[in-house]
Amino acid sequence: MAQISLTFPDGNAKPFDAGITAAEVAAGISNSLSKKAISATVNGAHWDLQWPIEEDASIAIHTLKDDAQALELIRHDCAHIMARAVQAIWPDVKVTIGPVIEHGFYYDFDRAEPFTPEDLGQIEAKMKEIINARDGVRTEVWARDRAIAHYEANNEPYKVELIEAIPGDEPLRMYWHGDWQDLCRGPHLQHTGQVPADAFKLMSVAGAYWRGDSSRSMLQRIYGVAFKNRDDLRKHLNMLEEAAKRDHRKLGREMNLFHMQEEAPGQVFWHPNGWTVYTTLQDYMRRRQRQFGYVEVNTPQVVDRKLWEASGHWEKYQENMFIVEVDEEHAREKAINALKPMNCPCHVQVYNQGLKSYRDLPLRMAEFGACNRYEPSGALHGLMRVRGFTQDDAHIFCTEDQIQAETALFLKMLSSVYEDLGFESFDIKFSTRPEVRAGSDEVWDKAEAALEAAIRTVTDEFELDPGEGAFYGPKLDFKLTDAIGREWQLGTFQADFVLPERLDATYVGEDGAKHRPVMLHRAILGSFERFLGILIENFAGRFPLWLAPRQVVVASIVSEADGYVQEAVAALTAAGLRAEADIRNEKINYKVREHSLGKVPYILAVGRKEVEDRTVTVRKLGEKQTQVVNLDQLIPELAKEATPPDQQAG
RNA sequence: GCUGCUGUAGCUCAGAGGUAGAGCACUCCCUUGGUAAGGGAGAGGUCGAGAGUUCAAUUCUCUCCAGCAGCACCA
């Protein structure tokens, strides 16, 4: 038998017979490793212990201590065990696929009856039985024909379709958990008992299309989470609870920021509190845009379909546009308009007024553009996905040679804005030319190189997504992470070679001839609605003072202090703070509780002492202790804290 | 849009084929109280909309609307 050499993580190499399994290697090292082993990494690939190794390789044996591998296997085995449990309870359920996802796993089933929440408990119990049985996991490689025949015989049509969709005719890997069998790439654990029985939980049932295709049948998907131990599971469940507490829909109601109602699904009624945050943010963005050399414009809401036809949006997005038909008595035909779903074509109209020279470029045109899109009903979600929204939109008209500098300038602005708004870091995704695209390879080469060079002036760490650019140009997407670790995609930056062409935008070059400008679409917040949703959740409603809708409440302890309360509020207001008086006939405990729940950053309590000394007792949101401060000293301090970050001195 | 679930007072929720319930919030009265709910009284509902079954529907059935979870979609 041929010999191979396996190199261990410590650098030692040892000879073995070709075809040795990782399990046998582990067994050769120690008995305890053999028991604890879960998988291996062989030449960088995650390797099932039962798979033979045929050639020289590096090898590392994994135990439950190796987080990445352990979690992947636990979750993947959980998916199989869940499918086995489901078929054990309901033998006629058809199985499809069950992958690992972030925090857990799911499996899609085809079953006539819907699964109920009570079913989940029953399935969980069955899964625990299977885990406790410590059934061995076994794997074999089968010829395709044999596998297809097997699944046809077992009446598992989805599996047959899966196999038929796998390209080539390599043999297929089959897995058994005990008697239960599934088609699976692997790897898996050695036996079901290696899955911790107290560290997983089935979370929910929901519909999901077979193969992710909305024209195919709807399956039932059961989601589960799984971890290495009960503690990690508990932490995860706590995190979910924390996220639920921060839900912007809940906080929006509690803090009286906004509401939504049936008559205007997907659109926001902003209340005074919410609108204060909104306009404060908008004022901030307006200042930043000016600082970065943008001009601001405003364009119409209702625009004739002709423009959308010219831009190409009518053809592609008609179903998602709000159509406005005007039927005037004397008109020959109905005028068909659409509510603006985006601002770009309108900005080109502004650009096209008057002849532009290369001296006018780059032209950075910004608009807080109110847009309406008829989003599918199932997509709506609080402020995060709405039908009426306002983008912090801008288009930069420039020459090809200016792309790099404009990209770099934009990155500078974006990182500065995110930092001001409380997000320390962000990730960049760079999407390059797709298969089907407009524009010459030469232009794409140039644009992609410019974008990449610009990114590299900021960071070398970015995610490359080849082929995922828009058909009209390469793009950058920006993701940031919030206070509890969730990621949000916000900003975007897209080069566009097509729209200037379609809408005939030109400039006169140095050579006196007409040229096409490049259009750079960009947004930093995305939309105010969504961004505010994210801000609410990121801060859990506890906005920094400059953004807080209600900044200071001055509360009287006894009614004798009412006059002083009013005086203090007037002084705070004069200093530019959003201050309110609370002189209701209520106890201070009651007022403190109410304004704390309302997330007011500062409560200033005044009683007889304070009136006499011209002080206030300050209670900061989230802190229990109070501090007596001279009113005249406090006001400038609060005013400073309430100054937006871009206006802070020094 | 699709699958499943939900819709009762401003909010959170209970309820049952036959005058609709609680807590908080709201209004009024008493209370002037020192840092997360002082006491009392009162007002408040076309039970999401429409149709059907029934002597009788908020309750059962159907259709629609909206919301929630997920999927699909997201210029």
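Count along the first sequence from 1, then add 648; that gives the number in this note's numbering. Note that the Cβ used here is the ideal one computed from N, Cα and C, for glycine as well. This structure is a prediction, so every number in the text was calculated from the model and none was measured.
- For secondary structure counted as the alpha helix (DSSP H) over 4 or more consecutive residues, the region 870 to 937 holds these complete runs in sequence order: 878 to 894 and 896 to 902.
- Counted as a single uninterrupted DSSP element, the beta strand (DSSP E) harbouring residue 758 occupies residues 752 to 758.
- When the beta-carbon positions are compared, residue 1287 and residue 1195 stay at least 9 angstroms from each other.
- Rounded to whole angstroms, residue 710 and residue 696 show a C-alpha spacing of 10 angstroms.
- Annotation for residue 942: no alpha helix (DSSP H) segment contains it, and DSSP assigns it neither H nor E.
- Note on residue 982: under 16 other CB atoms within 10 angstroms of its CB, so exposed under the neighbour-count rule.
- Membership of residue 1275 in the beta strand (DSSP E) is indicated by the continuous run 1274 to 1278.
- Residue 838 holds the alpha-carbon nearest to the alpha-carbon of residue 785 among 1231, 838, 694 and 1124.
- Fewer than three beta-carbon pairs drawn from the region 901 to 920 and the region 1271 to 1288 are found closer than 8 angstroms, and the two stretches are therefore not classed as touching.
- Counting along the chain, no beta strand (DSSP E) covers residue 969, and no H or E run does either.
- Positions of the alpha helix (DSSP H) runs, each at least 4 residues long and wholly inside the region 1139 to 1166, are given as 1147 to 1150 in order along the chain.
- If you draw a 10 Å sphere on the C-beta of residue 767, you find 16 or more other C-beta atoms in it, and that means buried.
- When DSSP reads this structure, residue 687 sits in a beta bridge with 710.
- For residue 1268, the enclosing beta strand (DSSP E) begins and ends at 1263 to 1268.
- For a cut-off of 8 angstroms, the C-beta gap from residue 1076 to residue 1037 is around 24 angstroms, too long to register as a contact.
- In the three-state scheme derived from DSSP, where H, G and I count as helix and E and B as strand, residue 1022 is classed as coil.
- In the DSSP assignment, residue 1206 falls outside any alpha helix (DSSP H) and carries neither an H nor an E.
- In the displayed model, residue 868 falls within a strand according to three-state DSSP.
- Rounded to whole angstroms, residue 1271 and residue 1232 show a C-alpha spacing of 23 angstroms.
- If you compare the alpha carbons of 874, 1124, 1235 and 1171 with that of residue 716, the shortest gap goes to 874.
- Between the region 873 to 893 and the region 995 to 1009, the count of Cβ pairs shorter than 8 angstroms is below three; the stretches do not touch.
- Contact annotation: the region 1132 to 1141 does not touch the region 1001 to 1013, with fewer than three C-beta pairs closer than 8 angstroms.
- Contact annotation: residue 858 and residue 821 have beta-carbon atoms that are not nearer than 9 angstroms.
- Spanning the alpha carbons of residue 1098 and residue 1051 requires a straight line of approximately 6 angstroms.
- Here residue 965 is near residue 989, since their CB atoms are less than 9 angstroms apart.
- Its chain contains 962, 984, 985 and 986 as the residues whose beta carbon lies nearer than 7 angstroms to that of residue 953, once the 5 sequence neighbours on both sides are disregarded; these appear in chain order.
- Less than 9 angstroms separates the beta-carbon of residue 795 from that of residue 811.
- In terms of Cβ geometry, residue 1030 and residue 1080 do not form a close pair [threshold 9 angstroms].
- For residue 1188, no alpha helix (DSSP H) run applies, since DSSP gives it neither H nor E.
- In the structure shown, residue 786 falls within a strand segment according to DSSP collapsed to helix, strand and coil.
- Taking the Cα positions, residue 894 is about 10 angstroms away from residue 1183.
- According to the DSSP assignment, residue 655 belongs to the beta strand (DSSP E) that extends over 651 to 655.
- When rounded, the separation of the alpha-carbon atoms in residue 666 and residue 718 is 27 angstroms.
- With a threshold of 16 other beta carbon atoms within 10 Å, residue 1169 meets it and is buried.
- Nearest C-alpha to residue 756 among 922, 885 and 856: 856.
- CA-CA distance, residue 1017 to residue 935, rounds to 16 angstroms.
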